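Going down the list, the protein sequences come from chains S and C. Note that UniProt numbering has the first sequence beginning at 1, numbered continuously upward. Note that UniProt numbering has the second sequence beginning at 1, numbered continuously upward. C-beta: ideal position from N, C-alpha, C; glycine also. Predicted, not measured: the structure shown is a model, and the values here were computed from it. In what follows, a structure is listed as structure tokens, so that the remarks can point back to it.
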Amino acid sequence: MLQFFLRRIAVLIPTFLGVSLIAFSFIRLLPGDPVLILAGQHAMTPEQHAAAMHALGFDRSLPVQYLDYLGNMLQGDFGQSVVTKRSVLQEFFARFPATLELSICAMIIAVCLGIPAGVFAAVKRGSFFDHTVMGTALIGYSMPIFWWGLLLIILFSGILQWTPVSGRIDLLYYFPSVTGFMLIDSLLSGQKGAFGSAVSHLILPAIVLGTIPLAVIARQTRSAMLEVLSEDYVRTARAKGLPPFRVIGVHALRNALIPVITTIGLQVGVLMAGAILTETIFSWPGVGKWMVDSVFKRDYTVIQGGLLLIAAIIMFVNLIVDLLYGLINPRIRH
Amino acid sequence: MIRKLTFAAALLAATVLSGAASAKTLVYCSEGSPEGFDPGLYTSGTTFDATSRTIYNRLVEFKHGSTEIEPGLAESWTISDDGKEYTFKLRKGVKFQSTDFFTPTRDFNADDVVFSFERQLDDKNPWHAYVAGATYQYSDSMGFPDLIKSVEKVDDLTVKFTLNSPNAPFMADLAMDFSSILSKEYADKLEADKTMQQMNQQPLGTGPFQFVAYQPDAVIRYKANPDYWGGKQKIDDLVFAITPDASVRVQKLKANECQIMPYPNAADVKDLKADPNLQVLEQAGLNVAYLAYNTTQKPFDNVKVRKALNMAVNKEAIIQAVFEGMAEPAINPIPPTMWGYNKDVKDDPYDPEAAKKMLEEAGVKDLSMKIWAMPVSRPYMLNARRAAELIQADYAKVGVKAEIVTYEWGEYLKRLNNKDHDGAVMLGWTGDNGDPDNFLATLLGCDSVGTSNNPAGFCNKEFEDLIQKAKIESDQKKRAELYEQAQVVFKEQAPWLTIDHSTVVMPMSKKVEGFVQDPLGYHRFDGVDLAE
């Protein structure tokens with residue numbers, strides 16, 4: 001097991017370096033001059049321009065910039081935002097809890113609905129229910145997040161007025177952030193109605209963000225279940241006269257879950273990508289929105305650092321999933 | 001500290017719950033996060049809305065809804081005959097805001113003024129580079145370090161600025177955001193505590209609203225400054241709900257989650273106007289979009305060719321296609337909301353037949369040229385590509401073949417620094433300080449030839465003489481006359497096809513009273529009230 005663990009870690013190092021190189025070079029290969037972008041339409045003299053390039057370190061050779069960047073990064077210094085002049089790492093962690101809270105809730109929705117839907121679709125294979133679930137999943141999977149989000153806002157917030165349009169909590173509530181998780185902070189604040197307000201703000205974005213993972217999980221569960229249901233041991237279990245609930249819930253589902261867990265792990269990347277759009281629509285002050293803003297402002301250090309931190313998180317989650325997988329299915333260790 | 005805050009929050013919630021009548025809260029759905037809270041360091045309107053227009057004051061202010069100057073922290077001023085010395089008498093008894101993080105012990109005085117400017121001008125001042133990598137960009141780009149020789153305290157309530165050369169737009173510059181006055185007492189305390197960065201995070205000024213809290217990318221909270229020298233505001237709390245997506249802002253406004261929003265999508269305006277709970281204010285923006293012919297290049301060095309090309313273009317069609325009508329055709333290089341605008345100038349008529357004839361007379365046949373289209377959407381030109389295509393089609397009707405080129409935004413501006421760029425360039429400008437000099441000299445003066453500010457490479461003696469004279473004249477009436485004449489010369493010379501001034505639209509709840517649109521494009525909430 002230790003060897004398996006070390007092997008996994010060893011693979012991560014080149015991956016991480018690769019990501020850092022990509023993040024670094026993508027930004028620099030793009031045409032456009034960060035200094036001119038910062039200056040906007042105000043014309044600069046060549047001297048002002050050169051001074052600004054120097055101040056930002058863009059006048060050095062690319063390899064030097066990269067090595068310098070890598071060195072700083074290993075010391076936990078991801079640089080300073082060109083726009084706000086604050087530390088990238090600090091800015092990241094100030095926003096990460098919001099993204100994490102949203103992602104966890106989206107994942108809870110996706111798992112709690114996706115797995116049962118997949119299981120029932122597999123058990124009732126070919127039925128109306130099966131077709132409906134799989135058809136809906138296909139639509140959910142293909143839905144552009146931006147459009148889907150706006151559609152829900154217009155329906156539930158605009159027309160029906162059931163949920164608030166955007167934000168994390170009603171602006172009437174104002175309390176200091178303790179954990180960064182609004183659901184927890186609102187409970188800690190002890191203010192009447194704060195928790196309910198936080199939940200109502202969370203519902204729509206969590207549904208939007210959870211839609212694609214939900215669709216993927218439902219489809220994956222169904223196909224894994226179908227495979228397992230045709231195995232001999234399931235037939236044996238049935239022949240023994242075990243109640244159907246036990247056969248499906250315990251014997252079949254447990255084995256079918258192995259590929260589903262991998263799928264769930266892979267959805268972390270999807271969640272991060274989805275967070276970029278979801279957070280922008282719902283004005284959710286998380287990492288995704290922060291990245292979008294930085295792209296518009298050409299905040300090189302933030303794009304670079306943010307990209308890398310997100311990649312690191314995805315890699316970390318995948319590592320955990322791999323390890324979990326190793327625990328559940330010992331064959332994988334070899 | 002946390003306990004104290006929680007208590008304050010509980011108190012706040014209690015007052016809110018006990019009855020809405022006791023606290024009036026105005027929520028503004030702002031379009032983005034401020035870059036920081038020290039307006040001297042930044043250049044974007046989003047940041048200024050959140051800082052200089054709420055928390056701070058300046059020596060002189062723009063009159064609400066106009067680009068004219070009125071007294072601010074300075075009650076009066078005198079200008080020496082040579083136009084180089086400006087002496088300001090400061091307002092007495094102005095208090096800096098008392099907040100959780102700082103309680104001032106003295107009133108505003110000359111030291112605060114000297115400090116606020118010296119930190120920008122003197123690179124040895126400890127506050128000159130207190131935020132690593134940040135510079136006083138706006139002050140630099142308005143030429144303050146070269147313009148201002150000294151800022152001196154004469155007595156507690158008198159300050160004297162000495163300039164290196166006479167410069168009439170200087171008064172307007174002092175009303176600009178980067179000229180906001182900070183508290184020296186607060187600065188000294190932060191410096192002593194070695195927490196200078198706080199200046200950019202926990203701002204403190206003399207303005208109508210005081211800072212309460214900021215949650216990045218989410219909410220900025222202010223409350224009315226109870227000691228405001230202009231009287232306490234009618235609303236008690238001001239909240240900026242940061243909402244970058246325009247469609248979402250519209251939904252929030254309709255759901256009354258906010259009461260004012262800026263920058264709606266043009267497509268949403270009709271719907272907003274139809275909503276019985278909303279009102280929509282409109283005003284020509286302080287901007288212009290233009291197509292600049294490179295006047296240093298054949299055949300665009302010929303006035304006749306430029307005039308003919310101007311007459312070939314149907315501007316109305318562009319305004320309908322790109323702005324859905326939310327813009328007005330531009331005649332002069334400055335917008336009609338600006339003082340000094342010449343109403344008598346007539347636009348070149350849309351007349352393809354005449355244009356064709358003029359081109360023939362000028363001896364231009366089978367002209368093929370480039371049209372530069374910006375890659376980005378700007379307030380004055382939402383879709384440059386689309387506009388360029390319409391111009392291209394119009395040109396084709398008079399026998400001119402145009403190729404549309406575009407570059408990445410930074411590259412686009414960079415290439416314009418080359419005087420010999422080819423063809424006609426689409427670009428625009430949003431005014432900084434409401435002074436005509438900021439359009440006419442910045443964009444069309446001889447000094448700016450060879451920069452992206454003057455892609456026409458326009459340098460006309462008659463025009464230049466007029467704007468230079470206006471720059472040093474301190475009588476505003478005379479200045480306005482000079483600028484009016486300059487606009488006549490501009491139209492005769494036709495270095496640009498003046499395309500449009502876009503309309504700035506502000507949708508808001510009908511309950512909002514007293515909101516005045518600012519021609520400079522800022523959003524001010526002093527004087528605003530909410531009907532019960």
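C-alpha distance - residue i paired with residue j, whole-angstrom precision
i	j	result
C/Asn-460	C/Asp-301	12 Å
C/Leu-530	S/Arg-86	36 Å
S/Ile-145	C/Pro-208	41 Å
C/Ser-452	C/Ile-148	25 Å
S/Thr-278	S/Thr-301	23 Å
S/Lys-240	S/Glu-231	15 Å
C/Tyr-28	C/Leu-286	22 Å
C/Tyr-42	C/Tyr-138	7 Å
S/Ile-104	S/Ile-212	14 Å
C/Leu-90	C/Ile-69	16 Å
S/Leu-324	S/Pro-330	10 Å
C/Arg-119	C/Leu-174	15 Å
C/Pro-126	C/Thr-135	13 Å
C/Met-381	C/Glu-389	13 Å
C/Ala-246	C/Thr-103	39 Å
C/Cys-258	C/Ile-235	14 Å
C/Ile-2	S/Pro-176	Because the pLDDT at C/Ile-2 is just 44, under 50, the model does not fix this residue reliably, and the value given afterwards should be weighed accordingly. C-alpha separation (whole angstroms): 7 Å.
C/His-228	C/Lys-95	Residue identity differs from the one stated: residue 228 of chain C is Tyr in this sequence, not His. For C/Tyr-228 and C/Lys-95, the distance between alpha carbons rounds to 7 Å.
C/Asp-435	C/Asn-332	15 Å
C/Gly-431	C/Met-142	12 Å
Short Cβ contact (8 Å threshold) for residue i with residue j
i	j	result
C/Pro-169	C/Val-505	no
S/Val-287	S/Ile-261	no
C/Ala-172	C/Lys-307	no
C/Asp-268	C/Val-250	yes
C/Gly-219	C/Val-248	The question names Gly, yet the displayed sequence has Val at residue 219 of chain C. Not a contact, by the Cβ cut-off of 8 Å.
C/Gly-72	C/Leu-59	yes
S/Val-35	S/Met-53	yes
C/Ser-509	C/Pro-216	no
S/Ile-109	S/Ile-184	no
C/Ala-317	C/Ile-499	no
S/Leu-214	S/Gly-135	no
S/Met-272	S/Ile-314	yes
Residues near residue i by beta carbon distance below 7 Å, same chain, minus five either side
i	result
S/Asp-226	At residue 226 of chain S the sequence reads Leu, which differs from the Asp that was named. Hits under 7 Å: Ala-122 and Arg-125.
C/Ala-486	Leu-440, Phe-463, Leu-466 and Ile-467
C/Thr-295	Asp-301, Ala-456, Gly-457, Phe-458 and Pro-495
Cβ-based neighbour list, residue i, same chain, cut-off 6 Å, excluding 5 preceding and 5 following
i	result
C/Gln-97	Leu-204, Gln-210 and Asn-225
C/Pro-336	Ala-284
S/Pro-155	The question names Pro, but residue 155 of chain S is Leu in the sequence shown. Nothing meets the Cβ criterion.
S/Arg-222	Gly-118, Ala-121 and Ala-122
C/Met-369	Ala-402 and Gly-423
Any non-hydrogen atom of the ligand GDP closer than 7 Å to residue i Cβ
i	result
C/Ala-218	The model depicted lacks the ligand GDP and carries no ligand whatsoever.
Residues near residue i in its chain [Cβ-Cβ closer than 8 Å; skip 5 each side]
i	result
C/Ala-20	Model confidence at C/Ala-20 stands at a pLDDT of 41, short of 50, so the residue's coordinates are unreliable and nothing is read from them.
Per-residue contacts from residue i into chain B (C-beta, under 8 Å)
i	result
S/Asp-293	Looking at the structure shown, chain B is missing, and the protein chains on hand are S and C.
### Query
For the segment 81 to 96 of chain S, which residues have a CB atom closer than 8 Å to at least one CB atom of chain C, in sequence order?
The residues in question are Val-82, Val-83, Thr-84, Lys-85, Glu-91, Ala-94 and Arg-95.
### Query
the segment 165 to 177 of chain S: which residues have C-beta closer than 8 Å to a C-beta of chain C, in chain order?
In summary, the residues of the segment 165 to 177 of chain S whose CB is separated from some CB of chain C by less than 8 Å are Val-165, Ser-166, Gly-167, Arg-168, Leu-171, Leu-172, Tyr-173, Tyr-174, Phe-175, Pro-176 and Ser-177, in the order they occur in the chain.
### Message
Against chain C, which members of the segment 14 to 26 of chain S pass a CB distance test of less than 8 Å?
### Response
Of all residues in the segment 14 to 26 of chain S, none has a Cβ within less than 8 Å of some Cβ in chain C.
### Message
Taking 8 Å as the cut-off, does the segment 74 to 94 of chain C touch the segment 158 to 166 of chain C (at least 3 CB pairs, one atom from each stretch)?
### Response
Yes, the segment 158 to 166 of chain C touches the segment 74 to 94 of chain C.
### Query
Taking three-plus beta-carbon pairs below 8 Å as touching, is the segment 46 to 65 of chain C in contact with the segment 176 to 185 of chain C?
Yes, the segment 46 to 65 of chain C touches the segment 176 to 185 of chain C.
### Residues from the segment 134 to 167 of chain S in contact with chain C, defined by Cβ distance under 8 Å
Listed by position along the chain: Leu-150, Ile-153, Ile-154, Ser-157, Gly-158, Gln-161, Pro-164, Val-165, Ser-166 and Gly-167.
### Task
Spell out a yes or no on whether the segment 149 to 166 of chain S and the segment 242 to 257 of chain S are touching, meaning 3 or more CB-CB pairs, one atom from each, closer than 8 Å.
Fewer than three beta-carbon pairs drawn from the segment 149 to 166 of chain S and the segment 242 to 257 of chain S are found closer than 8 Å, and the two stretches are therefore not classed as touching.
### Query
Touching or not, the segment 326 to 334 of chain C and the segment 280 to 289 of chain C, by the rule of three or more beta carbon pairs under 8 Å?
Because the criterion of three Cβ pairs below 8 Å is met, the segment 326 to 334 of chain C and the segment 280 to 289 of chain C touch.
### Query
Three or more C-beta pairs closer than 8 Å, one from the segment 259 to 273 of chain S and one from the segment 187 to 194 of chain C: is that the case here?
Segments in contact, no.
### Query
When you check each C-beta in the segment 217 to 229 of chain C against every C-beta of chain S, which residues fall closer than 8 Å?
Along the segment 217 to 229 of chain C, going in chain order, the ones with a CB nearer than 8 Å to a CB of chain S are Asp-217, Ala-218, Val-219 and Arg-221.
### Query
Using Cβ-Cβ distances below 8 Å, what residues of the segment 340 to 362 of chain C are close to chain S?
Residues are counted here when their Cβ sits less than 8 Å from a Cβ of chain S; for the segment 340 to 362 of chain C the count is zero.
### Task
Using a Cβ-Cβ cut-off of less than 9 Å, give me the residues of the segment 273 to 286 of chain S that come near chain C, in sequence order.
Of all residues in the segment 273 to 286 of chain S, Glu-279, Thr-280, Ile-281, Phe-282, Ser-283, Trp-284, Pro-285 and Gly-286 have a Cβ within less than 9 Å of some Cβ in chain C.
### Message
Using 8 Å as the cut-off, can you tell me whether the segment 396 to 413 of chain C makes contact with the segment 107 to 120 of chain C, which would need three or more C-beta pairs spanning the two stretches below that distance?
### Response
Short answer: they don't touch.
#### Entry: Selection of the segment 249 to 280 of chain C by Cβ proximity to chain S, strictly under 8 Å
Here the close residues are Gln-251, Lys-252, Lys-254, Ala-255 and Glu-257.
### Query
Should the segment 354 to 369 of chain C be called in touch with the segment 305 to 322 of chain C, which here means at least 3 C-beta pairs below 8 Å?
Three or more beta-carbon pairs drawn from the segment 354 to 369 of chain C and the segment 305 to 322 of chain C are found closer than 8 Å, and the two stretches are therefore classed as touching.
### Query
If contact means a Cβ-Cβ distance below 7 Å, which residues of the segment 233 to 244 of chain S contact chain C?
Per Cβ criterion, the list is empty.
#### Entry: Short-range partners of chain S found in the segment 43 to 62 of chain C, where Cβ spacing is below 7 Å
Residues Thr-43.
### Members of the segment 108 to 129 of chain S near chain C, C-beta cut-off 8 Å
Within the segment 108 to 129 of chain S, no residue has a Cβ lying closer than 8 Å to any Cβ of chain C.
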